[in-house]
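Notes follow once the structure below has been shown.
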């Protein structure tokens, strides 16, 4: 009663989501690079590349539903398929947030740089780290590594607040001329939106970590305060 | 859901001649629940089922060690009347086996054997059993026609009605739907859901999805041993043992 064909198809589904995860990581890493280096070419490439990630999400939905309907998977196979469907949803939203960062970056590239807010770089670092850890823990089905991720989310929230505070101060500082003051506010608000995207990506990396624990151990950590 | 134990099996060994078919089986079966026994062919699940109402006594050269307690009493005690035991622990087989008699007489058979003669009592009991087996509406106008004219699915529900007529506590089902088409199978599965309100049901099935759908508790047998028992939802989503996981996910067997 060995189910070779089903397990081959399940391996194929895993390869598909690994590819999606790699593309989402690339998209997010490039979004951070585009923002930090004020590179509008990279930003535009992220926006153009999002269609492929959306296509893979639909492909994962199709493959997963097919396996659920036709193969009636059990135990770890069932958890893997349900987990993959949840993770692909988070990956797609992370890719959308990367597009959002790229769109704000295109605007910022057209104007002089703002005063530096140090927490912004710290926020980029920690959200990149959390997403990378989430993807690696999924690939290795490493629940122990996945359980480290939610603890970092508090730090990400803290940096987000610091960015907001710093940019409020930037906006409050007087600039000569009405036009310049408006432009500074517009750039600051766009940067705040970017920080919000980073914070959301940290949240979704935490979601992925919870899905990894669910797949590996069958335990649902959603809405549990502490791991 | 209740925690009253209907069957308590302790250290049960079973031999066909020199071949040990069951090895130190220990399990408690709760009352008014459906318990599914799963495992690959030859794992001992049907042998175990037949131990529970001593059907294996009919096979020469077999031997049992260990205890099977039904409501606390050992079913192998010398004073146990096997006919009474089998009345209390009824059985439905893989292939429907109606008697070549009318539908009515099939269900009335066990009652007549037990000395019921009153016609009104017989009629009431037969109708109630057919209703409980979800068959009455389909056969009420032809109760006195041959049971052999029924479809396979109807014949199987007739066999269930026949088992219910003598008011058992436990219903053993050995692959009751494996010879039936999907619609007849669905009816049997729905029936199991209804029956477990009143009866303790133990079902052997090769169909894991069926075990998952109909049972509250599932026991996994492999090579004569009981490997893992647990509530069905847990066993099919996160079994404790790798051997169980490998079997239910189709990685061996």
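Chains as they are written, first to last, in the numbering used here: chain A, 19 to 245; chain B, -17 to 235.
All C-beta atoms, glycine included, are put in the ideal place defined by N, C-alpha and C.
Alpha-carbon spacing of residue 81/B relative to residue 13/B, whole angstroms: Their Cα atoms are separated by approximately 30 angstroms.
If you run the structure through DSSP and keep just helix, strand and coil, what is residue 92/A? In the displayed model, residue 92/A falls within coil according to three-state DSSP, outside both helix and strand.
How far does the beta strand (DSSP E) with residue 218/B in it extend, from its first residue to its last? Note, residue 218/B: premise wrong, no beta strand (DSSP E); alpha helix (DSSP H) at 214 to 219.
CB contact check: residue 220/B to chain A, cutoff 8 angstroms: So, interface residue.
Give me the DSSP bridge partner(s) of residue 57/A. Bridge pairing for residue 57/A: absent [DSSP].
Hey, is the stretch 166 to 174 of chain A in contact with the stretch 218 to 227 of chain A, meaning 3+ C-beta pairs nearer than 8 angstroms? Touching, yes, given that three or more Cβ pairs across the two stretches are closer than 8 angstroms.
Neighbour list for residue 191/B in chain A, Cβ cutoff strictly below 8 angstroms: Close partners of residue 191/B in chain A (Cβ separation under 8 angstroms): 90.
Three-state secondary structure (DSSP) of residue 41/B: Coil at residue 41/B, not helix or strand.
Please list, in chain order, all residues of the same chain as residue 209/A whose beta carbon is under 8 angstroms from its beta carbon, the five residues on each side excluded. If the five residues before and after residue 209/A are omitted, its C-beta is found closer than 8 angstroms to the C-beta atoms of 122, 126, 132, 135, 138, 181, 185, all from its own chain and listed in chain order.
Every unbroken alpha helix (DSSP H) inside the stretch 66 to 142 of chain B [4 residues or more]: Fully enclosed alpha helix (DSSP H) runs of 4 or longer: 85 to 95, 101 to 114, 118 to 121.
Looking at the C-beta of residue 287/A, does it have a partner C-beta in chain B at a distance below 8 angstroms? Nothing can be reported for residue 287/A, as the shown portion of chain A is limited to 19 through 245.
So with Cβ pairs under 8 angstroms, would you call residue 93/A a contact of chain B? By this cut-off, residue 93/A is an interface position.
Please confirm whether residue 232/B has its beta-carbon closer than 8 angstroms to some beta-carbon of chain A. Yes, residue 232/B lies at the interface with chain A (some Cβ there is under 8 angstroms from its Cβ).
Residue 125/A versus chain B: which residues are under 9 angstroms apart at the beta carbon? Residues of chain B with a Cβ closer than 9 angstroms to the Cβ of residue 125/A do not exist, since the nearest Cβ in that chain sits about 48 angstroms away.
Chain B beta carbons: is any one of them nearer than 8 angstroms to that of residue 156/A? So no, residue 156/A is outside the interface.
Keeping to the same chain, check which residues put their C-beta closer than 7 angstroms to that of residue 69/A; ignore five residues upstream and five downstream. Within the same chain, residue 69/A has no close Cβ partners at all.
Would you kindly work out how many angstroms separate the C-alpha atoms of residue 201/B and residue 20/B, rounded to a whole number? Distance between the alpha carbons of residue 201/B and residue 20/B: 6 angstroms.
8 angstroms Cβ cutoff, residue 227/B in contact with chain A: For residue 227/B, the nearest beta carbon of chain A is closer than 8 angstroms to its own beta carbon.
Cβ of residue 231/A less than 8 angstroms from any chain B Cβ? Not an interface residue.
Could you round the C-beta distance between residue 98/B and residue 112/B to whole angstroms and report it? I think they count as a contact, below 8 angstroms. No, residue 98/B and residue 112/B are not in contact; Cβ-Cβ is about 16 angstroms, not under 8 angstroms.
Compare the Cα-Cα distances from residue 65/B to each of 40/B, 9/B, 168/B, 78/B and report the closest residue. With respect to the C-alpha of residue 65/B, the residue from 40/B, 9/B, 168/B, 78/B having the closest C-alpha is 40/B.
Under a three-way DSSP split, which group does residue 125/A fall into? Reduced to three states, the DSSP call for residue 125/A is helix.
Within the 8 angstroms Cβ cut-off, does residue 20/A reach chain B? It does; some Cβ of chain B falls within 8 angstroms.
By DSSP, does residue 39/A sit in helix, in strand, or in coil? The DSSP-derived three-state label of residue 39/A is helix.
What residues match up with residue 16/B in a beta bridge as DSSP calls it? Note: residue 16/B sits in a beta bridge opposite 183/B.
Work out the CA separation of residue 111/A and residue 50/A for me, nearest whole Å. Using only the alpha carbons, I get a separation of about 16 angstroms.
If we call anything under 8 angstroms between Cβ atoms a contact, is residue 71/B one with residue 34/B? Against a cut-off of 8 angstroms, the Cβ pair of residue 34/B and residue 71/B comes out as a contact.
Where residue 179/B falls, given that 16 or more other Cβ within 10 Å makes a residue buried: Answer is exposed; the Cβ neighbour count stays below 16.
Spell out whether any CB of chain B is found under 8 angstroms from the CB atom of residue 101/A. Under the Cβ distance rule, residue 101/A does not count among the residues neighbouring chain B, no pair being separated by less than 8 angstroms.
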